[in-house]
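Taking the numbering used here, the leading residue of the sequence shown gets 17, the next gets one more, and so forth. Glycine residues also receive a C-beta, built at the ideal position from the N, C-alpha and C atoms.
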Amino acid sequence: DEWEDYYISFEEKCREGFEKWLACRGVKNYRKDFSGNITSYMDFIYRYIHEDVVILRSVQPVYVIEYFTDHLLRKVMVDPPEYIKWPPSLKLFYRYLMFDEIEPHFIEILRKRYS
């Protein structure tokens, strides 16, 4: 299916970009865990039917709550202490999404201004 191929490619690019972003910021211990944790979240956002239109950059709080209190605990089987890594994973992922878009433009402005 064309959408499925696109989605898998999109997910891989997000995960790889996020992992690289974490590495550039000195995250060593949990880099693989954090980048891997976003897969189930992206599946929840894009592969499940929601009452509203949900996209990664503008997820309503009700769906974030649903993800943590229902979806994650039902669909992802890990040792209980591992669940603790999901909130910081998503916090950093959203920071990555925001700065990944802004940072190249800012760097270009700096180059033009100070070169």
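Where the alpha helix (DSSP H) through residue i begins and ends
i: Ile-54; result: 47-63
i: Phe-84; result: From DSSP, Phe-84 is part of no alpha helix (DSSP H); its letter is neither H nor E.
i: Lys-91; result: 88-91
Rounded distance between the beta-carbons of residue j and residue i, thought under 8 Å
i: Lys-101; j: Asn-53; result: 6 Å
i: Leu-55; j: Glu-27; result: What sits at residue 55 in the sequence shown is Thr, not Leu. Indeed, because the Cβ distance is near 6 Å, the residues count as touching under 8 Å.
i: Gln-76; j: Asp-86; result: Actually they are not in contact, since the Cβ atoms of Gln-76 and Asp-86 sit about 15 Å apart, beyond 8 Å.
i: Met-58; j: Cys-30; result: 7 Å
i: Tyr-83; j: Phe-60; result: 5 Å
Simplified DSSP assignment, three categories, for residue i
i: Ser-131; result: coil
i: Lys-101; result: helix
i: Ile-24; result: helix
i: Val-78; result: helix
i: Glu-119; result: helix
Between the CA atoms of residue j and residue i - distance to the nearest angstrom
i: Lys-44; j: Leu-38; result: 8 Å
i: Lys-128; j: Phe-115; result: 20 Å
i: Val-78; j: Pro-96; result: 23 Å
i: Leu-113; j: Ile-65; result: 23 Å
i: Pro-120; j: Ser-51; result: 21 Å
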